[in-house]
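Q: Please read through the structure below; I'll follow up with questions.
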Amino acid sequence: MTSRHARRTFLTTSTAAAAGAALPAAVRPATATATARAAAAPDRGQAPPRGRRYVIRGGAVMSMDPNVGDFETADVLVEGSRIAGIRPRIEAGDAEVVDARGRIVMPGFVDTHHHQFETALRAFLPNGLLIDDGSGSPSADPSYVEYVLTRFAPAYRPRDVHAGILFAGLSQLDAGVTTVLDVSQIHHSPEHSDAAVQALADTGRRAAFGFFEGDGRAGSRYPQDAYRIRDEWFPSDGQLLTMVMGGEIHQAEEVYTRSWRIARELGLPIAAHAVSSAGYRPIIDDLARGTGGTDGDLGFGPDVLLIHMTGMSDLAWRRARDAGVRISVAFPIEMAMRHGVPPILTMQKLGMEPSLSSDVETTMAADPFTLMRSAMTMQRMLVNQMVLEQGDFTPPNDYPVPAPGTPPLLTVRDVLRYATANGAEHLGLGRRTGTLTPGKEADIVLLDATALNVAPLNNVPGAVVSLMDRTNVDTVIVAGTVRKWRGRLLDTRLDRLRRELEASRDHLFDAVGIRPDLFA
111 MTSRHARRTF LTTSTAAAAG AALPAAVRPA TATATARAAA APDRGQAPPR GRRYVIRGGA
171 VMSMDPNVGD FETADVLVEG SRIAGIRPRI EAGDAEVVDA RGRIVMPGFV DTHHHQFETA
231 LRAFLPNGLL IDDGSGSPSA DPSYVEYVLT RFAPAYRPRD VHAGILFAGL SQLDAGVTTV
291 LDVSQIHHSP EHSDAAVQAL ADTGRRAAFG FFEGDGRAGS RYPQDAYRIR DEWFPSDGQL
351 LTMVMGGEIH QAEEVYTRSW RIARELGLPI AAHAVSSAGY RPIIDDLARG TGGTDGDLGF
411 GPDVLLIHMT GMSDLAWRRA RDAGVRISVA FPIEMAMRHG VPPILTMQKL GMEPSLSSDV
471 ETTMAADPFT LMRSAMTMQR MLVNQMVLEQ GDFTPPNDYP VPAPGTPPLL TVRDVLRYAT
531 ANGAEHLGLG RRTGTLTPGK EADIVLLDAT ALNVAPLNNV PGAVVSLMDR TNVDTVIVAG
591 TVRKWRGRLL DTRLDRLRRE LEASRDHLFD AVGIRPDLFA
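For what it's worth, this note's numbering labels the leading residue of the sequence shown as 111, then goes sequentially.
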């Protein structure tokens, strides 16, 4: 990516290699059998491929593309940035080999809504609600809107924006998330915006930069700065970074009207929150009818991504489906912070499917395994209770057959699709990523199925969704480039970046006059 801005490089090759500590004599293998077994373990390689042509050999391949299918054992050939082939026993000539035995090979995960600038405030609101409900409870105060958006956000400097977004991006890359929509409502000035894009570039993964509003201070250039940002940072549609226009409807009508019009003029997708609070519902209904905005002619289209969509009307849902609107659902955050019930049953009724989003690390983890399990268990809880209540809790009607029209229970395949292919489609990237398909870019994760929390492997999608966590993410590849290898991020100085993030946190707490309390 090129830019007229001076580029800072925050990713440097680490000079410190992790060394395994020697085992004490008391726990060393004591028998020849144990020693022989250790010696017979396969050598999976000590370095990532050096060239641009390599074959990932011998893994259990889950493509997430129904036309490609899945393979108990197969190879994936990568040439340059793209997938060149998927099948058993690829003859790849002099291509380098990545040993994937004992690994699940699948597409990288996609997060369609993450407020990455807030990383310095991780777990600040473990009990927090979206808005103070006046109860005086630990969940009401501190709350998200009053503290994070109203107090902390205005204190962010460009350097804080960069530190938070970069650290969040590397953390998700480590967890196998190869694509994100960064919804950073921190664009107080052009300098803040440039710091956000620079951080996404420095992370080295695929990202959609969300140009959302800031605090409206003098010098703010939202939304009109979209023209400059598009020109300077996004000269090509083929780069890792793309751009999304934030069109938040809680802004003044003339502001969100202008942002939607600029987005459509520039051909950018539009993203906006739709939550069952703060007066969103009538505005969403106007957009659903095509009578939104100052001139009464703004409406839904396939270029619109709505986030949460909790508490919206039947009219809005039907029009959203008919217009091809995409929906990003943050299951754990919506349940925890009183956004409303995640609308998965409504979507199933209408034949729609969501993508998954982590939302805010102030309250919940941002890894894909948390998101997938939250989606699956929440939906199954609702449907299972629905089925039980179709009986009378007395034999022989205590465990009834589901009545006609009962929503089907989500499966592990469903939530994997939400977390990969659906996410890519919802960000307009479905032709480039989201599945392992020859011709698409090689965004690939290798997951360790030999680990203590997974072995023995009996069901590939079940292991990923039901058993795994971020420690199982062995290798991460973005557009053919290995970014994590055998459990370690490459080309990063995490110790230095962590110190920068901690300094940012200290500045923010000091600026708003809050004394940190580790046990609040």
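Quick reminder that beta carbons are idealized off the backbone N, C-alpha and C, glycines included.
According to DSSP, simplified to helix, strand and coil, what is R436?
A: By one-based count along the sequence shown, residue 436 stands at place 326. Correct three-state label for R436: strand.
Q: Note down, one range per segment and in chain order, each beta strand (DSSP E) of at least 3 residues found wholly within the segment 568-594.
A: For the segment 568-594, whole beta strand (DSSP E) runs of length 3 or above, ordered along the chain, are 583-588.
Q: With S576 and D221 assumed to form a contact (beta carbons below 8 angstroms), what rounded beta-carbon distance in angstroms separates them?
A: As a first step, residue 576 must be located in the sequence shown, where it is residue number 466. As a first step, residue 221 must be located in the sequence shown, where it is residue number 111. Not a contact, Cβ separation roughly 20 angstroms.
Q: When you compare only the Cα positions, how much space is there between R391 and H297?
A: Taking the sequence shown and counting its residues from 1, one reaches residue 391 at position 281. Taking the sequence shown and counting its residues from 1, one reaches residue 297 at position 187. When rounded, the distance between both Cα atoms is 26 angstroms.
Q: To test your reading of the DSSP string, which unbroken beta strand (DSSP E) runs of 3 or more residues are found completely within the segment 512-567?
A: Qualifying beta strand (DSSP E) stretches, in chain order: 554-558.
Q: On a Cα-Cα basis, can you pick out the residue from M353, G329, A336 that is closest to G320?
A: For the purposes of this step, residue 320 is taken as residue 210 along the sequence shown, with counting starting at 1. With distances taken between Cα atoms, G320 lies closest to M353.
Q: Excluding sequence positions up to five away, which residues of its chain have a Cβ less than 6 angstroms from the Cβ of G538?
A: Translated into positions along the sequence shown, residue 538 becomes position 428. Here the set comprises P379.
Q: Identify whether S294 lies in helix, strand or coil by the three-state DSSP scheme.
A: For the purposes of this step, residue 294 is taken as residue 184 along the sequence shown, with counting starting at 1. Correct three-state label for S294: strand.
Q: Closer than 6 angstroms by C-beta to V207: which residues in its own chain qualify, once you throw out the five before and the five after it? Chain order, please.
A: For this step, residue 207 is matched to residue 97 along the sequence shown. Here the set comprises V165, R167.
Q: Name, in chain order, the residues that DSSP records as bridge partners for V365.
A: Residue 365 sits at position 255 when you count from the first residue of the sequence shown. Paired residues: none, contrary to the question.
Q: List the residues that DSSP assigns as beta-bridge partners of R598.
A: On the sequence shown, position 488 is the one that residue 598 refers to. In the DSSP output, where bridge partners are listed per residue, R598 has W595.
Q: For the segment 367-452, list the alpha helix (DSSP H) runs that are entirely contained and at least 4 residues long, ordered along the chain.
A: Runs found: 390-399, 424-433, 441-446.
Q: Please confirm if the segment 180-196 is in contact with the segment 545-553, defined as three or more CB-CB distances below 8 angstroms between the two stretches.
A: At 8 angstroms Cβ cutoff, the stretches touch.
Q: In its own chain, which residues sit with a C-beta less than 7 angstroms from the C-beta of V622, not counting the 5 before and 5 after it?
A: Residue mapping note: residue 622 aligns to position 512 of the sequence shown, counting from 1. Closer than 7 angstroms at Cβ, skipping near neighbours: R261, F262, A265.
Q: Could you name the residues of the same chain whose beta carbon sits closer than 6 angstroms to that of A202, not counting the 5 residues immediately before and after it, in chain order?
A: Within the sequence shown, residue 202 is the residue found at index 92, counting from 1. Within the same chain, A202 has close Cβ partners V165, L187.
Q: Quick one: what's got a C-beta closer than 7 angstroms to S249's C-beta in the same chain, skipping five residues either side?
A: As a working mapping, residue 249 is identified with position 139 in the sequence shown. Counting only Cβ-Cβ distances below 7 angstroms, and skipping sequence neighbours, we find N237, G238, L239.
Q: Suppose you measure from the CA of R399 to the CA of G409; what does that come to, to the nearest Å?
A: Counting from one through the sequence shown, the residue named residue 399 turns up at place 289. Counting from one through the sequence shown, the residue named residue 409 turns up at place 299. Each residue's Cα considered, the two are about 7 angstroms apart.
Q: Please report the straight-line C-alpha distance between A362 and D601, rounded to a whole angstrom.
A: Taking the sequence shown and counting its residues from 1, one reaches residue 362 at position 252. Taking the sequence shown and counting its residues from 1, one reaches residue 601 at position 491. If you take the alpha carbons of A362 and D601, they lie about 43 angstroms apart.
Q: Which residues mark the beginning and the end of the alpha helix (DSSP H) in which D304 is found?
A: Here residue 304 is taken as the residue at index 194 of the sequence shown, counted from 1. Start and end: 300-313.
Q: I'd like the list of long-range same chain contacts for R162, defined as Cβ closer than 6 angstroms, with 5 residues on each side in sequence excluded.
A: As a working note, residue 162 is residue 52 in the sequence shown. Cβ neighbours of R162 beyond the five flanking positions: G190.
Q: Does DSSP classify V171 as helix, strand or coil?
A: If you number the sequence shown from 1, residue 171 lands on position 61. Correct three-state label for V171: strand.
Q: Measure the C-alpha to C-alpha separation of R160 and R598 and round it to an integer number of angstroms.
A: As a position in the sequence shown, residue 160 is number 50, starting the count at 1. As a position in the sequence shown, residue 598 is number 488, starting the count at 1. Taking the straight line joining both Cα atoms gives about 16 angstroms.
Q: My parser needs the beta strand (DSSP E) runs of 3 or more residues fully inside the segment 196-259; what are they?
A: Runs of the beta strand (DSSP E) inside the segment 196-259: 206-209, 213-217, 219-224.
Q: Suppose contacts are defined by Cβ-Cβ distances below 9 angstroms. Is S387 in contact with P442 by that definition?
A: Numbered from 1 along the sequence shown, position 277 holds the residue referred to as residue 387. Numbered from 1 along the sequence shown, position 332 holds the residue referred to as residue 442. No. Outside cutoff.
Q: Any heavy atom of the ligand GTP closer than 8 angstroms to the CB of M172?
A: Among the components of this structure there are no ligands whatsoever, and the ligand GTP is therefore not found.
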